[in-house]
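Sequential numbering from 13 applies to the sequence shown in the numbering used here.
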Amino acid sequence: MMANNQGQGDSGSGNQAAGDEGATLSVDRPSQSEGRKWLQSSWDLLIESPDGGTRRLPVCYSHLTIGTKQGPKRNDINLDEKQMPNRQAILKLIEDNLFFNSLNPKFPITVNGELCSFAQLKANDEIGLGDHTITVMGLPEAVAFLEGYTSPHRRQQWTLVEYRTTIGRAGTRDNFVELEDPTVSRTHATIINTEGHHILQPDGQQPVYVNGEPVGAMVILGDEDLIQVGEQLLRFRSYRAKSKPRALLPREATILFSDIWNYTSLAESRPLEETIGQLNEVYKKLGRKIIKHRGMLMTYLGDAMMAVFGADDDMSAIPSNHAELAVRAALDMLDAMEELNTEWSQRGFPQLKIGIGVATGEVMLGDVGVTGHREFAAMGDTTNVASRIEKLTKTHDVHLLVNGETARRVGNAFSLVELGTVEVKGRRKPVDLYHVVGPL
13 MMANNQGQGD SGSGNQAAGD EGATLSVDRP SQSEGRKWLQ SSWDLLIESP DGGTRRLPVC
73 YSHLTIGTKQ GPKRNDINLD EKQMPNRQAI LKLIEDNLFF NSLNPKFPIT VNGELCSFAQ
133 LKANDEIGLG DHTITVMGLP EAVAFLEGYT SPHRRQQWTL VEYRTTIGRA GTRDNFVELE
193 DPTVSRTHAT IINTEGHHIL QPDGQQPVYV NGEPVGAMVI LGDEDLIQVG EQLLRFRSYR
253 AKSKPRALLP REATILFSDI WNYTSLAESR PLEETIGQLN EVYKKLGRKI IKHRGMLMTY
313 LGDAMMAVFG ADDDMSAIPS NHAELAVRAA LDMLDAMEEL NTEWSQRGFP QLKIGIGVAT
373 GEVMLGDVGV TGHREFAAMG DTTNVASRIE KLTKTHDVHL LVNGETARRV GNAFSLVELG
433 TVEVKGRRKP VDLYHVVGPL
């Protein structure tokens, strides 16, 4: 399948110079006395006039004023409405939430067909101002696409929306990016969208280049990277809108911590590039097992990994069996480590062992940090317990330990060995500890 988006711009989206009669959004740089800064948001406005004209504008200030040019006040958005006052309404951007407030009740305004003077807006809401309509448009959180640079695909664009985007010439495989060039093989390459990255993978014997360098295995693409397959040149572009802050709320979830035993001592005696390369292989292979079982990778902590099961932006999509999913992911991670050790033994690399701790309970999930630098976090006693019992795996010489609540939820699916209660650092109440031997 081939997408034939030619990348033509929206005829109504261009900015016109300040003072142009056709301009709808003031593009003059505000004076210092106004105290406004240009902001990035995940909202656009589509303004439709009664003559059928449209203009798409960004929500780029902390507040945008709406009115007419007939009066002393300067507005960000001017509409040709005879009955509308010079300053009629204001749109406010607070933590990427968009609010509407009418300033003059004499001029009726509707939101989604209902008379309204104040509202928090969401995507696809329609504001009716006389004969004009303003539609709120939510930008996608992330967009990635390829753009062609060589004939016959110059300026052609393919949006990368699938998990796997295949690239090649028409033939044995149904390629998403289908290139009409005999120098391109029928199964030339694939771009995998996973773990928040786009990874380019050569699929055959034909060479693939990124920024002029040959690609022998998988490589993570960066914005503006140039990809060459055969004699076709493609540019990878990505865009990420500012995501809306997720409120920090209590939620039941399962936390997984993994760590490599004795990795520090092993790394001291090896070249840095070998250490980093081996660690990246661990991250990549084990991280995929977490995602396979619907876990969310939270962070990499040196040679450790943390994931949460039971977290999702869509509350209705959160799996109720998150404890079982976490344990299955952990067992798959241990199998993956055995596979890596087999590969490393053939390359003369040291063998590695990992310990995994899993705990189920209430956590605080949401975005934390200051405006402009937020991270999704899972905080609370359950997170601490998972971290502490992971450190006990080496003490008990086992690779997977879970707390009592996890064991209670998954006992019918796995073989468990009760190890009694243990004291963990930083916690008054002891923890019931179980060793997961394997699936039943």
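The beta-carbon is built from N, C-alpha and C at its ideal position, and this holds for glycine as well. Computed from a prediction, not measured in an experiment: that's the story for all the values here.
Within 10 angstroms of the Cβ of residue i, are there 16 or more other Cβ atoms? Answer buried if so, exposed if not.
i: N187; result: buried
i: A229; result: exposed
i: M391; result: exposed
i: V449; result: exposed
i: T177; result: buried
i: N90; result: buried
i: K437; result: exposed
i: A135; result: exposed
i: T202; result: buried
i: G65; result: exposed
i: K301; result: buried
i: P3; result: Residue 3 lies beyond the stretch modelled for the chain, which goes from 13 to 452, so this question has no answer here.
i: A101; result: buried
i: I106; result: exposed
i: Y175; result: exposed
i: L284; result: exposed
i: N87; result: buried
i: D63; result: exposed
Determine the closest residue to residue i out of the options, with distance taken between C-alpha atoms.
i: H305; options: R340, A156, W356; result: R340
i: E93; options: I59, L127, P70, G79; result: G79
i: L233; options: I204, L245, Q244; result: I204
i: L115; options: A131, L431, D108, G150; result: A131
i: K85; options: P331, R99, K297; result: R99
i: R440; options: E430, S427, N424, N396; result: N396
i: D193; options: K49, F157, M310, L245; result: L245
i: L428; options: E280, V375, T162, E336; result: E336
i: S277; options: G299, I239, Q363, G160; result: Q363
i: P331; options: G307, E350, D315; result: G307
i: V320; options: D344, S163, A371; result: A371
i: V414; options: T122, I267, V155; result: I267
i: M349; options: Q290, L127, Y312; result: Q290
i: T407; options: Q213, W273, V422; result: W273
i: V148; options: N333, L284, V155, P70; result: P70
i: R68; options: T122, L151, I121; result: L151
i: W55; options: N87, D88, D108; result: D108
Provide the residue span of the alpha helix (DSSP H) that contains residue i, from first to last.
i: Y295; result: 284–304
i: L404; result: 393–408
i: V422; result: 416–422
So, under 8 Å CB-CB, residue i and residue j are touching, yes? Tell me the CB distance rounded to an integer number of Å.
i: V189; j: I211; result: Not a contact, Cβ separation roughly 15 Å.
i: L110; j: S74; result: So it is not a contact: roughly 11 Å between Cβ atoms.
i: G373; j: T405; result: The pair is not a contact, with the Cβ atoms about 19 Å apart (cut-off 8 Å).
i: E236; j: H144; result: Contact doesn't hold; Cβ gap of about 38 Å is too wide.
i: F112; j: I139; result: 6 Å
i: H447; j: V410; result: 5 Å
i: Q95; j: G125; result: Their Cβ separation, rounded to whole angstroms, is 19 Å, which puts Q95 and G125 out of contact at 8 Å.
i: H165; j: L127; result: About 51 Å; that fails the 8 Å criterion.
i: V155; j: A265; result: The pair is not a contact, with the Cβ atoms about 29 Å apart (cut-off 8 Å).
Excluding the 5 residues preceding and the 5 following residue i in the sequence, name in chain order all residues of the same chain whose CB lies nearer than 8 Å to its CB.
i: E286; result: F361
i: Q218; result: V196, S197, H200, V241, G242
i: S357; result: Q363
i: Q82; result: N98
i: L431; result: H408, L413, L445, Y446, H447
Taking the continuous beta strand (DSSP E) assigned at residue i, which residues delimit it?
i: P336; result: Sequence check: residue 336 is Glu here, not Pro. Here E336 belongs to no beta strand (DSSP E); instead the alpha helix (DSSP H) covers 334–359.
i: V429; result: 426–434
i: T66; result: 66–70
i: L260; result: Counting along the chain, L260 falls outside any beta strand (DSSP E), and DSSP gives it neither H nor E.
i: L313; result: 307–313
i: S114; result: 109–114
i: R176; result: 176–180
i: E60; result: 55–60
i: V241; result: 238–241
i: Q169; result: 169–171
i: M317; result: 316–321
i: F130; result: 130–133
i: H209; result: 209–214
i: K104; result: 99–106
i: Y221; result: 220–222
Which same chain residues, not among the five before or five after residue i, have their C-beta less than 7 Å away from its C-beta?
i: M327; result: Low per-residue confidence applies at M327: pLDDT is 45, beneath 50, and the placement is therefore not dependable, though the value from the model is reported in the following sentence. Excluding residues within five positions, none has a Cβ falling inside 7 Å.
i: R185; result: T178, R198, T199
i: F157; result: Q169, W170, T171, L172, R249
i: E435; result: P442
i: S43; result: Because the pLDDT of S43 is 37, which lies under 50, any placement of that residue in the model is unreliable, and the number read from its coordinates should be weighed accordingly. Correct list: empty, nothing qualifies.
Quick one: what's got a C-beta closer than 6 Å to residue i's C-beta in the same chain, skipping five residues either side?
i: F269; result: M318, G369, A398, S399, E402
i: R263; result: L377
i: D444; result: G416, T433
i: P226; result: P219
i: L133; result: L110, F112, V148
i: D344; result: K301
Counting only beta-carbon atoms, is residue i nearer than 8 Å to chain B?
i: K301; result: No chain B is present in this structure, which holds just one protein chain.
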